[in-house]
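Under my numbering, the very last position in the sequence shown is 74; numbers go up by exactly one each time. Below you'll find the structure, written out as structure tokens, and then a few comments.
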Amino acid sequence: MWRVVATPSTKPKADGRVSKYLREVRGEMRKVTWPTRKELIAYTGVVLFITAVIALFIGVVDLIIANLVRLTT
Numbered sequence: 002m003w004r005v006v007a008t009p010s011t012k013p014k015a016d017g018r019v020s021k022y023l024r025e026v027r028g029e030m031r032k033v034t035w036p037t038r039k040e041l042i043a044y045t046g047v048v049l050f051i052t053a054v055i056a057l058f059i060g061v062v063d064l065i066i067a068n069l070v071r072l073t074t
């Protein structure tokens, strides 16, 4: 029968790794080029428009398929 015993040398050293990770994340976030308010509004408008077009397309295709199925049954 095997027995696993945690010794100080096998315990994970999470305290230093977590703080290092958070420092690195903070540094990377500073490198990000954030959009201006005007750009953000424009990008949001594009996303909403494309979403509406795709939803309309799917709705029309669904309606056509539903009518075809109804006609064939």
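The C-beta atom is built at its ideal place from N, Cα and C for all residues, glycine as well.
In whole angstroms, give me the CA-to-CA distance for residue i and residue j.
i, j, result
"TYR44", "THR34", "15 Å"
"ILE59", "THR74", "22 Å"
"PHE50", "GLY28", "34 Å"
"ALA53", "LEU69", "24 Å"
"VAL47", "ASP63", "24 Å"
So for residue i, helix, strand or coil by DSSP?
i, result
"VAL33", "coil"
"THR74", "coil"
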